[in-house]
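Counting from 1, position 121 in the sequence shown corresponds to residue 121 in the numbering used here; the numbering is continuous, with no gaps.
Think of the CB as a built atom: it goes at the ideal place given N, C-alpha and C, for glycine as much as any other residue.
What you are looking at is a predicted structure, and each value in this text was computed from that prediction instead of being measured.
Since the structure comes first, as structure tokens, the remarks are kept for the end.
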Amino acid sequence: MTTHTLNAALSGTFELGGTLPVRRLGFGAMRVTGKGIWGPPPDRREAIAVLRRTFDLNINLIDTANSYGPHVSEQLIAEALYPYPEGLVIATKGGLERPGPDAWEPNGRPEQLARDLEGSLRRLRLERIDLYQLHRIDPNVPEDDQFGFLQRVQQEGKVNQIGLSEVTVEHIERARRYFDVVSVQNRYNLVDREWEGVLDYCAAEGIAFIPWYPLLVGRIGESNPALTRIAQRLGATPSQVALAWLLRRSPVMLPIPGTSRVAHLEENVAAATIELTEEDFAALA
């Protein structure tokens with residue numbers, strides 16, 4: 001693999017809300033934290049190096065959340081990249097509390113969402129969040145309260161664009177009564193397509209679809225003969241082919257594979273050079 005092939009720009013560009021151009025292959029900053037997405041990373045120096053390398057590779061969409069660590073991911077992003085390079089879009093999320101490692105609890109009360117947002121602004125050293133996403137809709141809080149909060153902070157200029165996570169088409173349509181939904185972040189990958197209908201809706205409406213868990217934490221190639229066969233023929237890894245499939249699946253797809261290692265980051269970005277044939281795509285689909 002030569003250095004010149006490592007360019008996220010080869011994945012193409014998508015404009016969030018028609019105003020924020022981002023490379024379609026971004027970076028998810030969840031895994032620059034400790035085990036269980038809790039506490040600091042085991043190798044802080046490597047985590048900082050990963051974040052700085054994203055800029056070298058032409059990645060300009062970094063996705064994080066106040067709950068990653070909690071707070072650790074946002075703090076590391078600011079430490080590594082502030083003052084931020086021109087054109088970098090930082091997306092963060094609020095609405096999940098962390099009682100412990102691998103534990104996540106929705107909290108969509110407006111007062112909690114306000115604390116989440118103010119904390120993210122402070123840790124990221126920003127006056128306005130480029131893309132702010134509701135991490136989960138809290139079933140115990142009226143949607144009007146949650147969507148109304150997001151509408152208000154956008155009007156106040158604290159957030160530019162708004163997105164949702166793990167939602168149905170019905171959720172999106174109700175939220176659009178309050179604000180433009182420019183992105184949806186749902187679980188989706190080559191072998192887990194529960195949200196296929198939401199992806200199709202986003203494609204029809206020009207809404208970015210940001211698949212989380214895009215590689216099943218590196219296990220995407222297990223028990224998938226077609227994926228393994230195609231990867232061997234192309235001289236690629238199964239994960240690279242799976243990312244290439246996501247990019248081919250829809251023009252609104254913005255994969256954000258995450259990692260805590262520079263070598264793995266570079267491997268993921270190299271997927272932008274892979275061109276699947278019609279036969280390859282059909283075999284995987």
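Three-state class that DSSP yields for residue i in the structure shown
| i | result |
| --- | --- |
| Ile48 | helix |
| Trp212 | strand |
| Asp116 | helix |
| Ala236 | coil |
| Met1 | Confidence is the limiting factor: at Met1 the pLDDT is only 38, short of 50, which leaves the residue's position unreliable and the question unanswerable from this model. |
| Thr92 | strand |
| Ile37 | coil |
| Gly197 | helix |
| Thr13 | strand |
| Asn160 | strand |
Separation of residue j from residue i, as counted between CA atoms
| i | j | result |
| --- | --- | --- |
| Ile274 | Val241 | 7 Å |
| Gly148 | Trp245 | 37 Å |
| Ser260 | Arg44 | 9 Å |
| Leu276 | Trp212 | 22 Å |
| Ser154 | Asp116 | Strictly speaking, residue 154 in this sequence is Gln, with Ser absent from that position. In a straight line, the C-alpha of Gln154 is about 15 Å away from that of Asp116. |
| Cys127 | Lys158 | Per the sequence presented here, residue 127 reads as Glu, with Cys not at that position. Approximately 7 Å between the Cα atoms of the pair. |
| Ile137 | Ile37 | 20 Å |
| Leu57 | Ala103 | 33 Å |
| Ala282 | Gly87 | 35 Å |
| Ile59 | Ala272 | 11 Å |
| Arg248 | Ala9 | 15 Å |
| Gly34 | Ser11 | 29 Å |
| Pro286 | Arg177 | With the chain running from 1 to 285 in the structure shown, residue 286 is simply not present. |
| Phe209 | Val252 | 6 Å |
| Met1 | Glu196 | Because Met1 carries a pLDDT of 38, less than 50, the predicted location of this residue cannot be relied on, and no value is offered for it. |
| Phe139 | Gln112 | What sits at residue 139 in the sequence shown is Pro, not Phe. Looking at the two C-alpha atoms, the distance is approximately 15 Å. |
| Ala49 | Pro85 | 16 Å |
| Val22 | Thr13 | 5 Å |
Residue nearest to residue i in terms of C-alpha spacing, selected from the options
| i | options | result |
| --- | --- | --- |
| Leu131 | Gly17, Gly100, Asn140 and Asp145 | Gly17 |
| Arg122 | Asn66, Leu190, Thr228 and Pro85 | Asn66 |
| Arg52 | Glu279, Leu265, Glu278 and Phe281 | Leu265 |
| Leu359 | Gly157, Gln112, Ala263 and Glu143 | Because the chain is modelled from 1 through 285, residue 359 falls outside the range shown and cannot be assessed. |
| Thr54 | Thr13, Leu6 and Glu15 | Leu6 |
| Asp180 | Phe281, Ala8, Gln151 and Leu190 | Gln151 |
| Ala285 | Val262, Ala9 and Asp192 | Asp192 |
| Val269 | Leu61, Glu15 and Pro41 | Leu61 |
| Ala263 | Gly235, Arg249, Arg187 and Ala47 | Ala47 |
| Leu190 | Leu215, Thr237 and Ser11 | Leu215 |
| Thr168 | Pro106, Glu156, Cys202 and Asn140 | Cys202 |
| Arg125 | Ile77, Glu105, Ala114 and Glu170 | Ile77 |
| Glu279 | Pro83, Gly258 and Ala226 | Ala226 |
Whole-angstrom C-beta distance between residue j and residue i, which should lie under 8 Å
| i | j | result |
| --- | --- | --- |
| Leu20 | Gln161 | 6 Å |
| Asp146 | Gly108 | One detail in the question is off: residue 146 reads as Gln in this sequence, not Asp. That belief holds up - the Cβ atoms of Gln146 and Gly108 are roughly 4 Å apart, short of 8 Å. |
Just checking, does the stretch 23-35 make contact with the stretch 71-78 on the three C-beta pairs under 8 Å criterion?
-> Here the stretch 23-35 lies against the stretch 71-78, with 3 or more beta-carbon pairs under 8 Å apart.
Assess, as a yes-or-no matter, whether the stretch 84-96 is touched by the stretch 57-65 under the definition of 3 or more beta carbon pairs within less than 8 Å.
-> Output reads yes: the stretch 84-96 touches the stretch 57-65.
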